[in-house]
Each structure stands twice: as C-alpha cells, then as structure tokens.
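A.B. asks:
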Amino acid sequence: MRSDQKQRLEEFYKTLNEKGIEAFKFLSLVTRKYKPKKVLEIGSGFGIGSSAFLFDTDVEETVTIDKIKDLEGFEERVKIIGVKNRVTRIIGDSVETINNNIEKWKDNFGMVYVDGNHQYEGVLRDLGAVWELNIPIIILDDFFHKANWEGRYGIPRAYYDFFKEKDVITNVFTDANGYAIVKRKYEK
Ligand SMILES: C[S@@+](CC[C@H](N)C(=O)[O-])C[C@H]1O[C@@H](n2cnc3c(N)ncnc32)[C@H](O)[C@@H]1O
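Using this note's numbering, the final residue of the sequence shown is 182, and nothing's skipped along the way.
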C-alpha cells in the first residue's frame, strides 16, 4: 500500500469504533477474495461497506442505495478514504430501485451486500429483489447480531426461509456482528 493510502486509512479508522473497523477489514478481505468488478450495496448507512469495497481494490464501481438522503458520515468517509468518484449513491427504497433498474442491472454485479432493513419481512423482500439480478455472491450483514434473538431483527430466519430450496452454498463468519456469505451455484 502506498504511503498516501496508509495515511487515508489511518484517518478513516479515526472515524470508526472497534466494530466498524472490524466490519471494514472483513468486507475488504471478502472483496479481495471474490474480486467483483461491480458491487451493489443495500443500505449505504455509514459508508463502511462502500469504502471497503473500493479502497485499494480493483472494484470499478459500487452502487449503493439508501432511503435516507442525509446520512451521517457517509460522504465524509468515502471522501477521506478517497473512493468517492467510484461510488454511485441512489436515494430511494431498495426494492423499488432494483425493480426500476432490473434490465440494466441483471447479470451486472459480482457481489451484493444486503444491509438495509433488518426485520424479517424487510430482509425477505430485499433477497427477493436481489435474487432476480443473478448476483453470484450475496453478503448478509448482522447475521449473529443479538437483536435477531431479541425479536428486533430477523436475518437468520429470513435467510433460512428464502434459501432453503435454492441451490446455494453458505459460509458464516463471526467477525463484527456476523456475516453469511451465500454463493449461488451455477451449472457448468
Ligand atoms: C446498518 S445501515 C447500513 C450500513 C452500511 N452498509 C455501512 O456499511 O456503513 C442500514 C441502512 O439501511 C437503510 N434502509 C433501511 N431500509 C431501507 C430500504 N427499504 N431501502 C433503502 N434503504 C434502507 C437505512 O436508512 C440505513 O441507513
């Protein structure tokens, strides 16, 4: 890594807590492993995902969707880490946005990060829309977050109900608040 990039990373880490840094590191590793050219993110949020997908990687573009216009820290972080010019930020509902772009976006992304609405119905709805885009790698965030067992989130249950009859392979990781990485199986 170049020295100016090291400096950017240090500045970026100063804006995050420990969990945020862990999330960034995990998502960076996943990006390096799967080498997508384009990434879709549902839930732009704090800019951790967008930054991880684009910083010091070969990803050409991250398209990120969030229903909230004025997000705290998003613009600041992608600027600090130097990836702003490769981020396409869309303000709107995740599923409506995907459905409006279905023809353009189908077969166009190498990886998707599902980190928007965390409730059971919301996750199912996002997975339904994402599935139609035929994306080979689907990352689900907060898979082991305690809110899943307190009834506030419904990520593992939505995962199970959605994928139980689909041809996929899943790996789970305990980094940050937990991730499931779902790989679509394709006939050779
Ligand atoms: C946990 S944050 C995302 C964090 C972000 N991925 C990151 O790495 O910094 C969840 C975001 O999802 C957004 N969201 C929730 N439901 C949504 C929906 N139906 N459509 C678009 N965005 C949604 C919220 O506004 C919130 O900013």
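In this text, a Cβ means the ideal position worked out from N, Cα and C, and glycines have one as well.
If distances are taken between C-alpha atoms only, which option among 143, 78, 43 and 138 comes closest to residue 106?
C.D. replies: Looking up residue 106 in the sequence shown gives position 112. Among 143, 78, 43 and 138, the Cα nearest to that of residue 106 is on 43.
A.B. asks: I need the straight-line Cα distance from residue 136 to residue 170, nearest angstrom please.
C.D. replies: Locating residue 136 in the sequence shown gives position 142, counting from the first residue. Locating residue 170 in the sequence shown gives position 176, counting from the first residue. Taking the straight line from one Cα to the other gives about 8 angstroms.
A.B. asks: Which complete beta strand (DSSP E) runs does the region 37 to 119 hold, if anything under 3 residues is left out?
C.D. replies: As far as the region 37 to 119 is concerned, its whole beta strand (DSSP E) runs of at least 3 residues are 55 to 60, 81 to 85 and 105 to 108.
A.B. asks: Inspect the CB distances between the region -4 to 3 and the region 20 to 28 and report whether three or more fall short of 8 angstroms.
C.D. replies: No: fewer than three Cβ pairs fall under 8 angstroms.
A.B. asks: Tell me whether residue 11 counts as near ligand 1, meaning its Cβ is closer than 7 angstroms to at least one heavy atom of that ligand.
C.D. replies: Walking along the sequence shown from the start, residue 11 turns up at place 17. No, since every heavy atom of ligand 1 falls outside the 7 angstroms radius drawn around the Cβ of residue 11.
A.B. asks: Report yes if the CB atom of residue 33 is closer than 8 angstroms to the CB atom of residue 103, and no otherwise.
C.D. replies: Taking the first residue of the sequence shown as position 1, residue 33 is located at position 39. Taking the first residue of the sequence shown as position 1, residue 103 is located at position 109. Yes, the Cβ-Cβ distance between residue 33 and residue 103 is below 8 angstroms.
A.B. asks: Take residue 49 as the anchor and find which of 72, 59, 39 and 57 has the nearest alpha-carbon.
C.D. replies: The sequence position of residue 49 within the sequence shown is 55, counting from 1. Looking at the Cα atoms, 72 is the closest of the given residues.
A.B. asks: Compute the beta-carbon to beta-carbon distance between residue 68 and residue 40, rounded to the nearest angstrom, for a pair I have assumed lies under 8 angstroms.
C.D. replies: Taking the sequence shown and counting its residues from 1, one reaches residue 68 at position 74. Taking the sequence shown and counting its residues from 1, one reaches residue 40 at position 46. Sure, about 6 angstroms apart at Cβ, within 8 angstroms.
A.B. asks: Just how far apart, CA to CA, sit residue 133 and residue 173?
C.D. replies: In the sequence shown, counting from the first residue as 1, residue 133 sits at position 139. In the sequence shown, counting from the first residue as 1, residue 173 sits at position 179. Rounded to whole angstroms, residue 133 to residue 173 spans 7 angstroms at the Cα level.
A.B. asks: Who's in the neighbourhood of ligand 1, going by beta-carbon under 5 angstroms from any heavy atom, listed in chain order?
C.D. replies: Here the residues come out as 37, 39, 40, 42, 43, 60, 61, 62, 87, 88, 109, 110 and 111.
A.B. asks: Would DSSP call residue 15 helix, strand or coil?
C.D. replies: Within the sequence shown, residue 15 is the residue found at index 21, counting from 1. Residue 15: helix per DSSP, three-state reduction.
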